[in-house]
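A.B. asks: For the record, in the sequence shown the residue sitting at position 176 is 177 according to this note's numbering, with numbers rising by one throughout. Glycine included, every Cβ here is placed at the ideal spot set by N, Cα and C. This is the structure I have questions about; it appears just below.
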Amino acid sequence: MYGRAFREPPKSVWRGASEYQDVVAGAKFLQTLDNVDPQRIGLWGGSYGGFLTAMGLARNSDIFKAGVDFHGVHDWATFLPMWSEEAEGKNAGVAPDVKEARDLAFKSSPVASLANWRSPVLLIHGDDDRNVPFQQTTDLVEKLRAQKVAFDELIIPDEIHDLLRWSDWVRAYRATAEFFDRRLAASGERK
């Protein structure tokens, strides 16, 4: 399989997040290895990888003990404006199933599984991101706080989705390494 069929498989992204199964399968494989401590598996990613990181923490905190989410989507239903409740009436003639699509998009999002989220997360986001609205992270922060989930934030002023300044990338990667060192290092290994 290649081309569009590979790039946009059914039930992926906001249509079911089926590709998340690959993330879980990878972690379960790691748990079988003798040189991996199954209680110290973390994950991180940016943009779509940030979404998958948040999915891992929200759906499987039993597997993923910490994560770093660089500018990820956390709620597909609010991310896609054509599915907003305000647009529902306008789009009814074009897409009569817009409510069902919005419900599926929400269920395919990390925020739908917040009740299960226990693992700590570092959220990194530039406040001038035009690909993934900064509000995706601020909304998640409010929800994590309400659930009493431990989180750290690195908000980078005047920075876009792909971080333009080299110094901001260095800062973000250092914060990532320090976060994982604090959250996943064995007690005798902490610096």
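On a CA-only basis, which of Phe-65, Trp-118 and Ser-109 is nearest Val-25? Give me that one, please.
C.D. replies: Position 24 of the sequence shown, counting from 1, holds the residue named residue 25. The residue with the shortest Cα to Cα distance from Val-25 is Phe-65.
A.B. asks: Would Pro-39 be called buried (16 or more neighbouring beta carbons within 10 Å of its own) or exposed?
C.D. replies: The residue given as residue 39 occupies position 38 in the sequence shown. Classification for Pro-39: exposed.
A.B. asks: Under 8 Å between the Cβ atoms of Asp-128 and Pro-158?
C.D. replies: Mapped onto the sequence shown, residue 128 falls at position 127. Mapped onto the sequence shown, residue 158 falls at position 157. Cβ distance < 8 Å, so Asp-128 and Pro-158 count as in contact.
A.B. asks: Comparing alpha-carbon positions, which option in Arg-183, His-162, Tyr-174 and Ala-113 lies nearest Ala-151?
C.D. replies: Counting from 1 along the sequence shown, the entry for residue 151 is found at position 150. Nearest option by C-alpha distance: Arg-183.
A.B. asks: Could you tell me whether the region 67-78 touches the region 104-114, where touching means 3 or more Cβ pairs closer than 8 Å?
C.D. replies: yes
A.B. asks: Work out the CA separation of Lys-100 and Gly-50 for me, nearest whole Å.
C.D. replies: Here residue 50 refers to the residue found at position 49 of the sequence shown. Here residue 100 refers to the residue found at position 99 of the sequence shown. Roughly 27 Å between the two C-alpha positions.
A.B. asks: Excluding the 5 residues preceding and the 5 following Ala-113 in the sequence, name in chain order all residues of the same chain whose CB lies nearer than 6 Å to its CB.
C.D. replies: Here residue 113 corresponds to residue number 112 of the sequence shown, with the count starting at 1. Phe-107, listed in sequence order.
A.B. asks: Helix, strand or coil: which one does DSSP assign to Trp-45?
C.D. replies: Working through the sequence shown from its first residue, we reach residue 45 at position 44. Here Trp-45 sits in strand by DSSP.
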